[in-house]
Each structure stands twice: as structure tokens, then as C-alpha cells.
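K.L.:
Next up is a structure, given as C-alpha cells.
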Amino acid sequence: MGDYPGMDKFQGTIMHTHDLKRVDMFKNKRVLVVGVGCSGLDAAVEISNISSQVYLSSKNGTWILPRIGPYGLPFDYATLRRFAVAIQTLMGFKVLSWYLETFFINNKFNHSLYNLKPVYHALSKDPAINDILPTKLITGSVVMRKDIKCFTEKGVIFENETQVTEVDAVIMATGYQWQFPFLEEGVLSVEDGRIDLYKCVFPPHLKHTTLAFIGFVLPFGPGFPIGEMQCRWAALVLSGHCKLPSKEIRMEDSKKRHEENRKRYAPSNKLSIRVDYIQYMDEIATEIGCKPNFWKLLFTDMKLFKALVFGPSLPYQYRLDGPHKWDGARNAILTSGERVRYPLSESLEKTQEKYGYLLTPGALRKHKKMFKHAAKRKSIIRLVACMLPSRCKHSVKSRHFCIFH
């Protein structure tokens, strides 16, 4: 939690977003949210629905990305492409950052106009994700303010201001510190933003490679596919099917990653674990032995090659070859666009006809006889949430389910 002058004098409530479970306590209250990370923006937006006023305090600003990207597609689905990595390699990340800022971010939401533009480039720090904040700012239910200068009994004074802004509650969205009290001292070193982990997974200095950190990364992209890849790699290492390089090589790799990140990213205590999604996934895939062979695909499967290079970067590509190979990976890659479009653009009947019975909770009663009949035939009915890509053929709202039999 942040430390500001006069915090002990404040007569209202001060809490961290970690402890924020419900927002009804802030009904008709004046609330200040400190910090513009994802949790801070979510808190400000949710509380503004019932509070009398929300202030959002930012020290350095931030880049805000929408969940919905070009042409109405999910932002990561529309923008994470291999050809963009090639552009970044050829032209540098600053040029790609400028392109992203100009044509994707500021084109929809001018950060300078709303006093949110940071001093660093869009690819120099993890952005915040929020679709609703611009609407809240333009309607005045959320008001941007500078960093806090000091607290008073009834409120705060912001930087470059002299008057007290009265608030009833302050919510600190100021991040957290890394601590591992369950580990023996010396197992993992954290110093000045540097965390020694070989490829963000294995402590490099340990004699035995029997400890792995899963999901301990900050990617420019989805985190769950990275966690899955790390689990695959860790399982192979622990089972003896994949060997790590020597201790010296692991330590040198960890040091090199930190130095490269220090040159690119804005200063923070999370430098060592910042990664580019596609490049990092390829790193781990190389260790596993499941990275796609693009030269081979160029001459043997042009359709798949184009999908991998110019289409969305999907984790199925790391199931085409190597350990844990999946025969359905190619088809899953080539038909991903269909699975994204059908629930959005086709009627309910057509979606059911193509993929199965699409049911809402209210529609379960309508198909009650069908379920009983299926049970008599001892059919196996799989009820799975449609958001799970491993079993379902499309994605729909969270309360819809798909039944295959």
C-alpha cells in the first residue's frame, strides 16, 4: 500500500484492492482510487455505478487497451500475428509502438486529452485493459487527478493543487511486493527488479532442477497459454525427458534477459519477467521440441503456413509436432475464425444445427424429455461450458452451455 504524508490523519476508509470484494459499501460515497493498473481501472468503473463521485489518481499515466480490437474481434486475436513480430525485428519496437499508439490506441481514446498519456512507449510497459473507462471519463462519473501530495482529515490534496478534495474512502491499487515466505532463503533472489529465473521458470543456481515457477511472467498477450507451455516444459524436465543446460548457461541467460529488458522497458520491479508473447512461446517450444517448422510448411502446406504467419497466434500451433502432438491442431487453427464468428453473426438455430444443442439455463426445461431419453439409452452426455476451447466448437456468453451426445 502506498505511503503518503498525513495518511494517519484521514478519517475515512483506506483499503487495498486486494481486499475489495463488494462495492455496495460505497453507495452515494465519494471515492478515490489510487493507481491505473487493471485492478485500479476495474475498481473505479465498478464503484462509479453506485457512488456519488469517483476520482482516479495517476502518477505517470498508462496506456489503455480495449478488449475489442479491429473489426470487432478480440484485441489479442486481431493483433498478435507473426508478421508483426517480423516488422518489430526489422524496424524496432519503438516504430511498432508508434504504430500501435497512433492507429489502435489513440484512434479510439486520445490519452493526452484525458491526461492519461504516459512518458513511455506502448510496448515499454504492460498496458491496462478496460473498455468502459472512456465512457466514465467523458460523462464525469470518473474524474482524473494527478498523484496525491498529502492527506487531510477529510480528503486529499493532489499535486499542482492547493484545495482539499473531500473523499469518504480511498482504495489503493498500487500493486504488490514479491515475497516467498514458504521458500528457504536463497532459493530465489529478488533485487532491484531482477529475478533470477532461467526463461522465467527455473532458478538457475540450484543444483537440482526440481523447482519450477509457472505463470510468473508479464506477457504482451494471454497468460494462460504461456502457463500451459511452461507446465509442459516443466513436466518434461522433471520426468527426465528434457534436460536443461549447465548452471553457467542458465545464469548467463537470466542475466542477459534482464539487461535486454532494462534497455527496452520502463523502470519497474518487474523487469526480469516481461516477455513478448510469440517470442517467448517460441523459446519454450524450442526447449520442448514442438515449435512449428515454418520452412517445411512453406513447401508442404501453404494454407497452414499463411494461417500461422498472417493469422492469429493460437496455442494450437505448438501441438502440430513434437511431444503432446494433437491430430486436431491443424483443423483447429484453420477453423478458428468460424468459431469466433458463428455465435456472433448467425442465428441460434443455425449455431445449434452446426455445433450441437446450444442451451441457456431457461431452455434446459424445454429439452428435459430429450435428456431422459438419452439417459435411458445410456448415452454419454457431456455438458461443458462453451468458453472451454478444448471441448467446444464456439464461444458464447458465459451462461450458455453446449451439449454433445
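In our numbering, the protein residues as written are 7 to 411.
C-beta: ideal position from N, C-alpha, C; glycine also.
Check this for me: beta carbons of residue 232 and residue 308, under 8 Å apart or not?
P.N.:
The sequence position of residue 232 within the sequence shown is 226, counting from 1. The sequence position of residue 308 within the sequence shown is 302, counting from 1. No.
K.L.:
Buried or exposed: where does residue 69 fall if 16 or more other Cβ atoms within 10 Å of its Cβ makes it buried?
P.N.:
In the sequence shown, counting from the first residue as 1, residue 69 sits at position 63. Burial call: buried.
K.L.:
Whole angstroms is fine: what's the gap from residue 159's alpha carbon to residue 63's?
P.N.:
Locating residue 159 in the sequence shown gives position 153, counting from the first residue. Locating residue 63 in the sequence shown gives position 57, counting from the first residue. Those two C-alpha atoms are separated by around 18 Å.
K.L.:
Would residue 88 and residue 315 be called neighbours here (beta carbons separated by less than 8 Å)?
P.N.:
Along the sequence shown, read from residue 1 onward, the residue named residue 88 stands at position 82. Along the sequence shown, read from residue 1 onward, the residue named residue 315 stands at position 309. Contact: yes.
K.L.:
Spell out a yes or no on whether the stretch 126-144 and the stretch 70-77 are touching, meaning 3 or more CB-CB pairs, one atom from each, closer than 8 Å.
P.N.:
Verdict: yes, contact present.
K.L.:
State the beta-bridge partners of residue 63 as determined by DSSP.
P.N.:
Counted from its first residue, the sequence shown places residue 63 at position 57. 40, 151.
K.L.:
Could you work out which residue in 196, 165, 290 is closest to residue 221 when comparing CA atoms only?
P.N.:
As a first step, residue 221 must be located in the sequence shown, where it is residue number 215. Cα-wise, what sits closest to residue 221 is 290.
K.L.:
Please tell me whether residue 310 and residue 284 are closer than 8 Å, where the distance is taken between their beta carbons.
P.N.:
By one-based count along the sequence shown, residue 310 stands at place 304. By one-based count along the sequence shown, residue 284 stands at place 278. No, they are not a contact pair.
K.L.:
Might you give, ordered along the chain, the residues of its own chain that have their beta carbon closer than 6 Å to the beta carbon of residue 185, omitting 5 neighbours on each side?
P.N.:
Here residue 185 corresponds to residue number 179 of the sequence shown, with the count starting at 1. Taken in chain order, the list of residues that qualify is empty.
K.L.:
What do you get for residue 168, buried or exposed, if any count of 16 or more other CB atoms within 10 angstroms of its CB means buried?
P.N.:
Numbered from its first residue, the sequence shown carries residue 168 at position 162. Residue 168 should be labelled exposed.
K.L.:
If we ignore side chains and look at the alpha-carbon of each, how far apart do residue 195 and residue 202 end up?
P.N.:
Here the question's residue 195 lines up with position 189 in the sequence shown. Here the question's residue 202 lines up with position 196 in the sequence shown. Those two C-alpha atoms are separated by around 6 Å.
K.L.:
Specify the secondary structure class of residue 339 as computed by DSSP and reduced to three states.
P.N.:
Locating residue 339 in the sequence shown gives position 333, where the first residue counts as 1. It is helical.
K.L.:
So residue 102 packs on residue 120, CB below 8 Å; how close in whole Å?
P.N.:
The residue given as residue 102 occupies position 96 in the sequence shown. The residue given as residue 120 occupies position 114 in the sequence shown. With 8 Å as the limit, residue 102 and residue 120 do not qualify as a contact, their Cβ atoms being about 23 Å apart.
K.L.:
Checking 8 Å against the spacing of the C-beta atoms, do residue 47 and residue 116 come in under that value?
P.N.:
On the sequence shown, residue 47 is found 41 positions in, with the first residue counted as 1. On the sequence shown, residue 116 is found 110 positions in, with the first residue counted as 1. No.
K.L.:
What ranges does the beta strand (DSSP E) occupy inside the stretch 161-190, keeping only unbroken runs of at least 3 residues that lie completely in it?
P.N.:
Entirely contained in the stretch 161-190, the beta strand (DSSP E) runs reaching 3 residues are, in chain order, 161-164, 175-178.
K.L.:
To the nearest angstrom, how far is the alpha carbon of residue 261 from that of residue 239?
P.N.:
Walking along the sequence shown from the start, residue 261 turns up at place 255. Walking along the sequence shown from the start, residue 239 turns up at place 233. Roughly 21 Å between the two C-alpha positions.
K.L.:
Where do the N-terminal and C-terminal ends of the beta strand (DSSP E) with residue 280 fall, by residue?
P.N.:
Within the sequence shown, residue 280 is the residue found at index 274, counting from 1. Element bounds for residue 280: 280-282.
K.L.:
Could you give the DSSP three-state label for residue 194: helix, strand or coil?
P.N.:
In the sequence shown, counting from the first residue as 1, residue 194 sits at position 188. DSSP places residue 194 in coil when its eight states are reduced to three.
K.L.:
Should residue 296 and residue 322 be called a contact, given that it needs their Cβ atoms to be closer than 8 Å?
P.N.:
Looking up residue 296 in the sequence shown gives position 290. Looking up residue 322 in the sequence shown gives position 316. No. Outside cutoff.
K.L.:
So, at 6 Å on beta carbons, what are the nonlocal neighbours of residue 149 in its own chain, with the 5 sequence-adjacent residues on each side left out?
P.N.:
Position 143 of the sequence shown holds residue 149. 61.
K.L.:
Taking its Cβ as the centre, do 16 or more other Cβ atoms sit within 10 Å of residue 183, making it buried, or is it exposed?
P.N.:
On the sequence shown, residue 183 is found 177 positions in, with the first residue counted as 1. Flag for residue 183 reads exposed.
K.L.:
Restricting to runs no shorter than 4 residues, where is the alpha helix (DSSP H) found entirely within the stretch 266-326?
P.N.:
Fully enclosed alpha helix (DSSP H) runs of 4 or longer: 283-294, 300-306, 308-316.
K.L.:
Name, in chain order, the residues that DSSP records as bridge partners for residue 2.
P.N.:
Outside the shown range of the chain, which is 7 to 411, sits residue 2, and nothing can be said about it.
K.L.:
Residue 319 and residue 86 - do their beta-carbons sit closer together than 8 Å?
P.N.:
Locating residue 86 in the sequence shown gives position 80, counting from the first residue. Locating residue 319 in the sequence shown gives position 313, counting from the first residue. Contact: yes.
K.L.:
Distance, Cα to Cα, residue 17 vs residue 213?
P.N.:
Looking up residue 17 in the sequence shown gives position 11. Looking up residue 213 in the sequence shown gives position 207. Cα to Cα, residue 17 sits roughly 53 Å from residue 213.
K.L.:
At a cut-off of 7 Å, would you count residue 92 as near the ligand ATP, judging by its Cβ distance to the nearest heavy atom?
P.N.:
The ligand ATP is not part of the structure shown, which contains no ligands of any sort.
K.L.:
Would you decide whether residue 77 is buried or exposed? Buried here means 16 or more other CB atoms lie within 10 Å of its CB.
P.N.:
Here residue 77 refers to the residue found at position 71 when the sequence shown is read from its first residue. By the neighbour-count rule (16 or more Cβ atoms within 10 Å), residue 77 is not buried but exposed.
K.L.:
Can you tell which of 270, 156, 301, 300 has the C-alpha that lies nearest to the C-alpha of residue 172?
P.N.:
As a working note, residue 172 is residue 166 in the sequence shown. Here the closest residue by C-alpha is 156.
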